[in-house]
Structure formats: structure tokens, C-alpha cells
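First comes the structure, then the notes that go with it.
In the working numbering, the protein residues as written are 790 to 1062.
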């Protein structure tokens, strides 16, 4: 009936308007959060962790103090190199964000710095910070041939040949941690087969490494040659690990690619010896 149709139309329009208002309010709240001011007498730094999500509210607090509080609260390992960067202690930070993941929180807290995230069985396990180390050595670290510059280039250069070249130059240096974490990060984000192959070369030479990035890569990659390489590295580094044994059994039984299936069976046989 015309009256019912009109009421339904008004009701629908009202619901749409309410949704738009809610979205607009949420966006305004999000945009306003970094500029939130603390109430008089309130603690200048408030950090909470709930259900794996971090909330931080700080006003004019040194970045190093916020980072220390996050480390104590989450038990995450953060590698700052030989010393806390001078700029982290000198910079007063006013920031607020609520219920974000730990890696996102660190990206917001440390914008523009070179971060390498290492994930373990329970999620984010370790973070390496490469970058500004103060007037004495910060410039050297960020030079194209320094560790920070090479990590940045290996992970972010637009040219795949330059990314691979940076990884190879890292492999000739003394910072084994930066090399390992960069190679693992490449598995998570890289699309070029040559760079991925170079990362697997690096990982194959290591005695121990986190297995989860390799397992995820094996599940997501569609390149047979790279999957074979990843299987070989897993068989070497995860020898005897129950997760690897289970993965090899499942791969041997269900992999559609005959080469992958055969390789998994060979690795299982070698693990039983």
C-alpha cells in the first residue's frame, strides 16, 4: 500500500543516514586520536594489552620509554643494536592508538625507521631496528652500503636486481641476524623468483631458523622450483620437528605436483634414518 511503502522508504532512509553518521563519527574519532590530550593529573603514559592488541596513550614521553613499556608488557625481544638510538631517547612523543596489533603499534611508534619483524609459533617474537643511531654513527648505518641501507634496499627497492644485489652484499657482511631476518622477511613479501631463490640460498646455510615463515611460504607459493627449495630447507632445519614431519607426510600424500610429493617422501625417509 502507498502508506506502507512510504513508511518503509522513510525507515530505510533513516537507517542509511544512521549508518553514514556512525561511519563519519568513527572516522572523526580515528583522526582525532593522535591529538588526544590527557586529563589534568593523569599519567603521561598509559599502555595496555588486551587479547593480543595494544593500546598506547602518551603525551610528551620519550619514544624509548614507550618502547620499554611495550617490551615489558609483551615480552617481545627488540634488538636496537649496540645501544639505544640517541633519537629515541631525545624525541618526546605524543601519540594515541587503541587495540592495534603489536607490529602495527611499532610501525606507528617508529615511522620511517627500518624494522624487520620475526614471527614465531605464537606470533610476533622479535623486532630488529636498523636506522638512526645518533650523530656518531647514524649516517654510516644508513649509507647505501651499510647494514641499514642494505636491509632497506633488499626489502624495498623497486628493481628486483637491486634487491637481490643488496641481499648478496648482506650475506658477505658480519651481521648474521640482519641477514637471517631480511631473508625471512623476503619470503613473506617478495614476488620475484630470483630474489626468493636468493633468500632460500641464505636460509639453507643457516644452522637454525624459525620454521613458520618457511611453512607459510610452502603453503602459498605456486612455483615448483621454489617450493622444492623450501622443502629442502625445512627438511634440513626442521629435522625431527613434529610440525615438519606432519607437513611432509601431508605433502607426500596430497601434493598434486609429482616432484613435490616425491621430494617430501625422500625427506621423510631421510628423517627416519
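Using N, Cα and C, we set each Cβ at its ideal position, and we do this for glycine too.
Going straight from the alpha carbon of residue i to that of residue j, what length do you get?
{"i": "residue 1040", "j": "residue 1024", "result": "12 Å"}
{"i": "residue 1050", "j": "residue 1042", "result": "7 Å"}
{"i": "residue 885", "j": "residue 1031", "result": "42 Å"}
{"i": "residue 1008", "j": "residue 936", "result": "31 Å"}
{"i": "residue 847", "j": "residue 1048", "result": "55 Å"}
{"i": "residue 1016", "j": "residue 854", "result": "43 Å"}
{"i": "residue 898", "j": "residue 852", "result": "8 Å"}
{"i": "residue 1038", "j": "residue 958", "result": "37 Å"}
{"i": "residue 908", "j": "residue 1003", "result": "11 Å"}
{"i": "residue 980", "j": "residue 947", "result": "12 Å"}
{"i": "residue 1029", "j": "residue 1006", "result": "20 Å"}
{"i": "residue 1054", "j": "residue 960", "result": "31 Å"}
{"i": "residue 832", "j": "residue 883", "result": "13 Å"}
{"i": "residue 1059", "j": "residue 1035", "result": "14 Å"}
{"i": "residue 1018", "j": "residue 1061", "result": "20 Å"}
{"i": "residue 858", "j": "residue 1045", "result": "48 Å"}
Would you mind reading off the limits of the beta strand (DSSP E) that contains residue i?
{"i": "residue 1010", "result": "First-last for residue 1010: undefined, no H or E at that position."}
{"i": "residue 745", "result": "One cannot answer for residue 745 here, as it falls past the ends of the chain, which runs 790 to 1062."}
{"i": "residue 885", "result": "881-889"}
{"i": "residue 909", "result": "903-909"}
Within 10 Å of its beta-carbon, does residue i have 16 or more other beta-carbons around it, so buried, or fewer, so exposed?
{"i": "residue 965", "result": "exposed"}
{"i": "residue 952", "result": "buried"}
{"i": "residue 860", "result": "exposed"}
{"i": "residue 994", "result": "exposed"}
{"i": "residue 917", "result": "buried"}
{"i": "residue 910", "result": "exposed"}
{"i": "residue 830", "result": "Bear in mind that the predicted position of residue 830 carries a pLDDT of just 47, short of 50, making it too unreliable to give a figure here."}
{"i": "residue 1014", "result": "exposed"}
Using a Cβ-Cβ cut-off of 7 Å (strictly less than) and excluding sequence neighbours within five positions of residue i, which residues of its own chain qualify?
{"i": "residue 941", "result": "903"}
{"i": "residue 891", "result": "843, 863, 865, 913"}
{"i": "residue 801", "result": "Note on residue 801: pLDDT 44, under 50, position unreliable in the model; no value is reported."}
{"i": "residue 837", "result": "844"}
{"i": "residue 1057", "result": "1037, 1038, 1041"}
{"i": "residue 881", "result": "849, 850, 851"}
{"i": "residue 967", "result": "917, 919, 936, 940, 959"}
Taking the alpha helix (DSSP H) that residue i belongs to, which residues open and close that run?
{"i": "residue 842", "result": "Looking at the DSSP string, residue 842 is not in any alpha helix (DSSP H); the run it does join, the beta strand (DSSP E), is 842-851."}
{"i": "residue 1040", "result": "1031-1043"}
{"i": "residue 1085", "result": "What the structure shows of the chain is the stretch from 790 to 1062, and residue 1085 is not part of that stretch, so it cannot be assessed."}
{"i": "residue 1056", "result": "1047-1061"}
{"i": "residue 834", "result": "Premise fails: residue 834 lies in the beta strand (DSSP E), 834-839, not in any alpha helix (DSSP H)."}
{"i": "residue 966", "result": "965-978"}
Give a yes or no on whether 8 Å exceeds the smallest Cβ distance from residue i to chain C.
{"i": "residue 1057", "result": "No chain C appears in this structure, which consists of one protein chain only."}
Looking only at its own chain, which residues have a Cβ that is under 6 Å from the Cβ of residue i, when we skip the five neighbours before and after it?
{"i": "residue 972", "result": "988, 991, 992"}
{"i": "residue 1033", "result": "1023, 1027"}
{"i": "residue 950", "result": "none"}
{"i": "residue 1010", "result": "1016"}
{"i": "residue 943", "result": "952, 955, 956, 971"}
{"i": "residue 867", "result": "860, 916"}
What do you reckon, is the C-beta of residue i under 7 Å from a heavy atom of the ligand COA?
{"i": "residue 902", "result": "Annotation note on the ligand COA: not contained in the displayed structure, which lists no ligands."}
Please return the same chain residues whose Cβ sits closer than 8 Å to the Cβ of residue i, not counting the five positions on each side in sequence.
{"i": "residue 1012", "result": "982, 985"}
{"i": "residue 839", "result": "888"}
{"i": "residue 841", "result": "890, 891, 912"}
{"i": "residue 896", "result": "904"}
{"i": "residue 978", "result": "944"}
Next item on the list: Evaluate contact between the region 1012-1024 and the region 983-999, counting only Cβ atoms and requiring at least three cross-stretch pairs below 8 Å.
Entry: yes
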